[in-house]
Amino acid sequence: MPKLKSWLVYDAVEAPLGVIALAEHLPQLEHLGMLWQSDHVVPDVDLFPVLETLRIIVNVEYFSRKNWAQTDFGSGVRSVAITSLAIHELTDDSNVLGSFCDGTKYTFPNLRVVHFSQARVVVPKIYDFVRRHSTLLEVNISFAQWAIKSLRLEALLKLIHGTGRWVRPADQPWVVLDQPSFDEYVVDGAVPPDLAYNWGAFYDFAFSRAPIPDVDGPEEPRYTCTALAIRFLDKDDDYERTAQLPAGAEYFIDPKEGPCNLLPELQELRLSVTDEQDTGSTFRETMLYRSGSIPSYLKAWPKLRKLALHWPFRDAYWECPHWEHRHEEVPFVCAPCDSVKIPFLDWLAPHIRENPPR
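Take a look at the structure:
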């Protein structure tokens with residue numbers, strides 16, 4: 004099958020020798036997806052000269068890591084063809100994502116879309132991966148909650164705009180770093196926060212951005228955010244690890260509280276909160292009383308075209324607004340479901356699933 008373009012197999016475990024065999028028999032492979040079994044050996048993507056999309060689901064439980072030796076990257080792998088990269092870590096002790104984020108090992112000069120799921124790597128390392136790949140336009144990242152404390156919203160905005168510094172260069176020990184999460188907030192020389200932290204804890208986000216043609220200096224934003232998705236936790240879920248006030252979409256949208264002035268070109272905003280809505284709440288109560296009059300806040304977002312707010316209505320019913328049915332209750336239009344299982348963040352990386360960008 005020398006002309007085969009796509010190979011996606013997630014039910015069988017792939018090993019280094021299998022990847023070598025694939026490269027020998029499928030030299031024109033453009034899309035590769037596989038279940039990976041080792042945390043010490045990472046796929047040698049340099050074997051696929053025209054590979055555009057790479058998806059890896061990491062599970063090291065199938066084989067002992069002792070069966071394989073550490074990969075020698077030499078001067079590093081520079082994959083020019085890859086434009087979309089997705090890595091999903093299923094095990095706690097995986098190091099595959101850490102290897103991909105190591106600038107001395109892998110470089111993707113044309114990468115446009117990235118999706119890291121359940122990451123265990125320290126946050127600065129992943130943020131620095133995004134910083135180094137200036138071609139990235141769509142980023143979708145979720146961290147394992149137990150691995151870190153809450154992310155900082157201000158640091159996320161710097162990541163989007165391309166103004167943050169996350170890893171100190173070896174030859175520049177004087178560089179002051181930004182702190183992406185509350186784990187690193189106490190580090191000496193940290194940049195003090197400018198924003199009030201009353202949006203709640205979060206570990207998952209996705210965004211799309213567009214490059215700004217003319218940038219005056221290194222401190223000026225190099226990108227403008229066009230779409231943003233964040234899932235906040237309720238304070239009771241992780242209160243001891245956040246030092247933040249309760250989560251709420253209304254705080255984010257409120258022009259007095261939120262960062263609307265920092266996102267002037269935002270066209271799409273999706274916010275999710277984990278606290279469960281009270282049974283029997285009406286749409287009016289949700290939009291006006293519970294959330295501080297969300298419709299009036301939208302005036303502060305002039306470019307916004309799409310807004311999605313989500314609370315977990317597991318067993319909720321909304322009262323029918325029509326007078327003739329005032330004594331009846333109708334189920335909420337969306338089927339009750341667990342917010343964790345909602346593909347809330349997948350919308351920002353459509354190319355990673357089916358149609359990789361050209």
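When you number the sequence shown by this note's numbering, it's gap-free, plus one each residue, and the end is 361. Glycine residues also receive a C-beta, built at the ideal position from the N, C-alpha and C atoms.
With distances taken from CA atoms, which of L25, L29, E141 and T227 is nearest T166? For the purposes of this step, residue 166 is taken as the residue at position 163 of the sequence shown. Out of L25, L29, E141 and T227, T227 has the C-alpha closest to the C-alpha of T166.
For S211, which of G220, D47, A204 and I233 has the nearest alpha-carbon? In the sequence shown, the residue the question calls residue 211 occupies position 208. Restricting attention to G220, D47, A204 and I233, the CA atom closest to the CA of S211 is found in I233.
Close beta carbons around G36, own chain, < 6 Å, minus the five adjacent residues each side: Within the sequence shown, residue 36 is the residue found at index 33, counting from 1. If we look at G36 and ignore the five residues flanking it on each side, its Cβ neighbours are L11 and R58.
Best match in Q31, I23, Y13 and G21 for proximity to M4 [C-alpha to C-alpha]: The residue given as residue 4 occupies position 1 in the sequence shown. The residue with the shortest Cα to Cα distance from M4 is Q31.
If I follow the unbroken alpha helix (DSSP H) through K309, where does it start and stop? Counting from 1 along the sequence shown, the entry for residue 309 is found at position 306. K309 -> not in any alpha helix (DSSP H); beta strand (DSSP E) instead, spanning K309 to H313.
Specify the secondary structure class of V22 as computed by DSSP and reduced to three states. The count along the sequence shown starts at 1 and reaches residue 22 at position 19. V22: helix per DSSP, three-state reduction.
Close-in-space but distant-in-sequence residues of the same chain around Y109 (CB under 6 Å, 5 per side omitted): Here residue 109 refers to the residue found at position 106 of the sequence shown. Closer than 6 Å at the Cβ level, and outside the excluded window around Y109, lie V80 and F103.
Tell me, to the nearest whole angstrom, how far the beta carbon of F235 is from that of F205; I am working on the premise that it is less than 8 Å. Here the question's residue 235 lines up with position 232 in the sequence shown. Here the question's residue 205 lines up with position 202 in the sequence shown. Rounded, the Cβ-Cβ distance is 5 Å, consistent with contact.
May I have the straight-line CA-CA distance separating V53 from T138, to the nearest angstrom? Residue 53 sits at position 50 when you count from the first residue of the sequence shown. Residue 138 sits at position 135 when you count from the first residue of the sequence shown. Between the C-alpha atoms of V53 and T138 there is a straight-line separation of about 18 Å.
Buried or exposed: Q175, going by 16 or more other Cβ atoms within 10 Å of its Cβ? Indexing the sequence shown from 1 puts residue 175 at position 172. Under this definition Q175 is an exposed residue.
On the criterion of 16 or more Cβ atoms from any shown chain inside 10 Å, does I308 qualify as buried, or is it exposed? Looking up residue 308 in the sequence shown gives position 305. The question names Ile, but residue 308 in the sequence shown is Arg. In the assembly as shown, R308 is an exposed residue. Its beta-carbon has fewer than 16 other beta-carbons within 10 Å.
Among the residues of its own chain, which have a CB less than 7 Å from the CB of V83, if the five just before and after it don't count? Sequence index remark: in the sequence shown, residue 83 carries index 80 (1-based). Excluding residues within five positions, the ones whose Cβ falls inside 7 Å are P112 and N113.
Consult DSSP for S9 and reduce its assignment to one of helix, strand or coil. Looking up residue 9 in the sequence shown gives position 6. Under the three-state reduction of DSSP output, S9 falls in the strand class.
With a cut-off of 8 Å on the beta carbons, I'd call A364 and H118 a contact; round off their distance for me. Since the first residue shown for the chain is 4 and the last is 361, residue 364 is missing from the structure and cannot be characterised.
On the criterion of 16 or more Cβ atoms from any shown chain inside 10 Å, does H91 qualify as buried, or is it exposed? Here residue 91 is taken as the residue at index 88 of the sequence shown, counted from 1. H91 comes out buried.
Confirm, please, whether the CB-CB distance from S87 to R115 is below 8 Å. Stepping through the sequence shown from its first residue, residue 115 is reached at position 112. Stepping through the sequence shown from its first residue, residue 87 is reached at position 84. Taking 8 Å as the cut-off, the beta carbon of R115 is found closer than this to the beta carbon of S87.
On the DSSP bridge assignment, give the partners of M4 in chain order. To locate residue 4, count along the sequence shown from 1; it is residue 1. The partner list for M4 (beta bridge, DSSP) is empty, contrary to what the question assumes.
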